[in-house]
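Quick notes on the structure that follows.
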Amino acid sequence: AFDSDSSPLVPNAELFLCITSVSTDVGIASIDKMDIAQAEVYDLTVIVDGKPEFSSITSIEYVSFTEAKVSTFVPSNRFAFEAGASIAISGEAIMTLAVGP
């Protein structure tokens, strides 16, 4: 299980995204695509075809059958960090069914 942190993201801090299946019968096979966007400012592709676009700042860890963690940095020269600013994370995951007895 992951612990959530609702504190504001600051420049040069690592962002952790935890992806969890709510069913123990459905696992995460791969995180195939992920983008970070900020309204009409900038889009950043983080993951393409299941691989980090920039492996120097992004990693994918498959923690368990139902949990994956992506860590990355949000570039301060491309995104606004002032009060009230927000980013949107979107993407695609390939899921897999558990094989039963």
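Every letter in the sequence shown is one number past the one before it in the working numbering, and letter 92, counting from 1, is 100. Cβ atoms here follow ideal geometry from the backbone N, Cα and C, with glycine treated the same way. Quick caveat: nothing in here was measured; it's all calculated off a predicted structure.
Residue from the options whose Cα sits closest to the Cα of residue i
i	options	result
Val34	Gly92, Ser84, Glu100 and Glu75	Glu75
Leu23	Ile102, Ile97, Val30 and Leu105	Ile97
Lys59	Ala45, Val49 and Val78	Val78
Glu48	Ala93, Val107, Met103 and Ile102	Ala93
Ile102	Ser12, Phe10, Thr28 and Asp11	Thr28
Ala45	Arg86, Phe10 and Thr104	Arg86
Met42	Gly99, Ala106 and Leu105	Gly99
Through-space distance from residue j to residue i, alpha-carbon basis
i	j	result
Asp51	Ser15	22 Å
Ala91	Ala21	16 Å
Phe62	Thr32	31 Å
Asp57	Cys26	19 Å
Ser64	Thr53	14 Å
Phe10	Ala88	27 Å
Val30	Leu105	13 Å
Val107	Asp40	22 Å
Asp13	Thr66	19 Å
Per-residue DSSP class, three states only, for residue i
i	result
Asp12	This sequence places Ser at residue 12; Asp is not what is there. Coil.
Asp51	strand
Ile102	strand
Val78	strand
Glu69	strand
Ser33	According to the sequence as given, residue 33 is Asp; it is not Ser. Correct three-state label for Asp33: coil.
Phe24	strand
**Message:** Would the stretch 34 to 48 count as touching the stretch 61 to 74 if we require 3 or more Cβ pairs under 8 Å?
**Reply:** yes
**Prompt:** Is the stretch 17 to 29 close to the stretch 74 to 93, with three or more CB pairs under 8 Å?
**Reply:** yes
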